[in-house]
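Residue numbers (the numbering used here), protein chains in the order written: chain A, 74 to 349; chain Y, 640 to 941. Each remark here refers to the structure printed beneath this line.
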Amino acid sequence: MDQPNLAESVKPATSAGTSRRVFAIARNAFREAVRDRVLYNLVVFVLLLIAGAIFLGEISAGQEAKIIVDLGLSAILLFGVFIAIFVGVGLVYKEIERRTLYAMLSKPIGRGEFLLGKYLGLCLTLLVNVAIMGVGLSLALVYVRRGWDPLAVRIWPAIFLIYIELVILTAVAMLFSAFSSPALSALLAFFVFVIGHFSADLKTLATSMDSAPSRWVFAGLYYLLPNFANYNAITAAAHGQPVDGGAIAAGAGYGLVYVAALLAATTLVFSRRNLK
Amino acid sequence: MKRDLFLILVIVVGLPAAAVLTHWNEGHSRDLRVQYADEQLYMNGPAMKRLTLAFNGLAADWYWIRSLQYVGRKMVAYEDTHTGSLDLNSLSYLDLRVLPSLLRMATTLDPQFLEPYYYGALILPTLNPDEAITLLNQGIAANPGEWRLYQHLGYIYWQRGDYNKASDVYAAGARIPGVPPWMMAISARMKAEGGASQAAREMYTHLAESSGDPTVKQMVNAQLMRLDSLEERDQIRRVLADYTNRSGHCVTSWKEISGTLRTAGLPIDASGSPLDPTNVPYRLVKGGCDVDLDERSELPRR
């Protein structure tokens, strides 16, 4: 595959120059993910759906469409979480390990541009992954129903929300990888994924505590940690219930703001890191 | 080359050997699935819902399939050791003690999942009507627009003989927009003549019409035949009472009244015995003064 000429993209700091450099790094990160066979998980996903479509009809008492949606969307989320965490924590680490980072940063590329490019490259990988899985799931539904099923379209808002969740998780993984080892970063990112789904409990804890400091701590955690409960529309999608447009817009807005904050924090940490 | 051959040999020998060992192990160890089949669930629904993160829908599907397999395994085990087939009316012979927990778990994980409520409404009343009522009330609370849940709940109250409560539930369901008009009619009928045979026929017919489940239709068919049989037995009892009044003693065989029974429109076999809706002859009981179903009859007793 052609390597984009990074040196060509390197120009004085204008916004057009910055975006060219960021996109060049993003494109490279995407190609690297493809070369690393990250998208091979699609094969497992397809096999899972084929097996589900063939066998679920016999054991689910007429609920195969619901179960296919639950299975498919859960698999999209699970595979996405693994990619976001395990590829996300290695994005920067691998460049340092292979010493390619030094060559890159010797050119007039800012550390922030490098991080943003890497991040966008992984987001693109996730987008392709999620989109292909979504199409596969829609086709599996058409197969299971032996014809057109409105669920094949109604699942897409849920798929979009899953993608936003993965984009946030990728930023979380990158933040940890900016100051920690890959193994510890993966563990911490996974904890954030789990705690992010307990956000309702954090809020309940915050309101039910007797002491004011405890209330502040839990309220602080509730607002500080990503609220992944906002992105859980799998069950609603499986029942064909429409996801509120306002909820989708709010989820996208929250994701954008949260990712911006995480990337800013990652850049701050990474720019202070001694790479010698 | 030599090394490759050796590695291929290890694969070719190793995999079948592993299969043989697995087979041997199955034959020499206790089947834990059987041992723990009736073990109660360790975790309650709300705790499980938290632990499943965003995968609660998938976990609900798993518990739903587990419920079906639990009942299925019990039915197969029963039919392996007994003659005749098992229907919905005789499920109390099975020890389905974990089923309420499994259905509760599935519906707690996914409260909009309607099938476990319907399934519980059909099966639980024969085992534990209170569990069925609790499950359906939870279903109605989570899905207030689902009139079939009201229909099932009303049906359970009707089966218990609580006609006022059944009427109230049908009336509540009838207020949902788009509900078939017979829901209100049934509510009125429950109030006026809940125990009447005609009301029962209507209940069963609507239940069959509103369900796509072949097991429900089979159960309704059996119940409609039971109602036919109850009416036939009332008719036969009247004929038997007339005979006793006229002759001063009960009949000694069906032949003595077969002509009257035939005139009354009842199906009679070659020996003069009246036949139930499954074509099994009724039998004389209490010294020929009363009639009952034959033991061979597959009609539901209740």
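Heads up, the beta-carbon is just placed ideally off N, CA and C, and yes, glycines get one too. If you're wondering where the values come from, they're calculated on a predicted model, not measured in any experiment.
For residue i versus residue j, is the C-beta spacing smaller than 7 Å?
i        : j        : result
Gly696/Y : Ile307/A : yes
Arg642/Y : Gly684/Y : no
Ala56/A  : Ser272/A : Outside the shown range of chain A (74 to 349) lies residue 56/A, about which nothing can therefore be said.
Leu275/A : Leu260/A : no
Met206/A : Ile123/A : no
Val95/A  : Leu164/A : no
Trp821/Y : His845/Y : yes
Ser849/Y : Pro916/Y : no
His270/A : Leu692/Y : yes
Val111/A : Val160/A : yes
Ala311/A : Val119/A : no
Gly324/A : Leu199/A : no
Leu735/Y : Tyr756/Y : no
Leu900/Y : Asp908/Y : no
If I'm right that residue i touches residue j with Cβ under 8 Å, what's the distance once you round it to whole angstroms?
i        : j        : result
Val240/A : Val332/A : 6 Å
Ala138/A : Val245/A : Actually they do not touch by this definition, with Cβ atoms about 33 Å apart.
Tyr166/A : Ser250/A : 6 Å
Please decide whether residue i counts as near chain A, where near means a Cβ-Cβ distance under 7 Å.
i        : result
Gly784/Y : no
Glu937/Y : no
Phe694/Y : yes
Tyr702/Y : no
Met858/Y : no
Leu738/Y : no
Glu754/Y : yes
Leu846/Y : no
With 16 as the cutoff for other CB atoms within 10 Å, does residue i come out buried or exposed?
i        : result
Ser82/A  : Per-residue confidence for Ser82/A stands at a pLDDT of 44, beneath the threshold of 50, marking its modelled position as unreliable; the derived number appears in the next sentence. It counts as buried.
Arg828/Y : buried
Val265/A : buried
Lys925/Y : exposed
Gln136/A : buried
Val267/A : exposed
Trp797/Y : buried
Glu238/A : buried
Lys713/Y : buried
Ser344/A : exposed
Leu646/Y : exposed
Phe752/Y : buried
Pro85/A  : Interpretation of Pro85/A is limited by its pLDDT of 48, a score under 50 that renders its predicted location unreliable; the figure taken from the coordinates is listed afterwards. Per the 10 Å Cβ criterion, exposed.
Gln857/Y : exposed
Thr173/A : exposed
Leu896/Y : Sequence inspection shows Ile at residue 896/Y; the Leu mentioned does not correspond to that position. By the 10 Å Cβ count, Ile896/Y comes out buried.
Ile169/A : exposed
Phe152/A : buried
Leu733/Y : buried
Would residue i pass as an interface residue toward chain Y - the criterion being a Cβ-Cβ separation below 7 Å?
i        : result
Asp143/A : yes
Leu199/A : no
Tyr331/A : no
Ser211/A : no
Thr173/A : no
Asn305/A : yes
Val240/A : no
Thr280/A : no
Leu178/A : no
Thr277/A : no
Ser272/A : no
I'd like to confirm something about residue i: is its beta-carbon nearer than 6 Å to some heavy atom of the ligand ADP, or not?
i        : result
Arg828/Y : What this structure holds is no ligand at all, so the ligand ADP is not there to describe.
Taking only beta-carbon positions, decide if residue i is within less than 7 Å of chain B.
i        : result
Leu707/Y : No chain B is present in this structure, whose protein chains are A and Y.
The segment 336-345 of chain A touching the segment 768-783 of chain Y, judged by at least three CB pairs closer than 8 Å: no
Inter-stretch contact (C-beta, 8 Å, three-pair minimum) for the segment 647-663 of chain Y and the segment 696-709 of chain Y: no
Segment contact flag, the segment 698-706 of chain Y with the segment 733-753 of chain Y, C-beta cutoff 8 Å, min 3 pairs: yes
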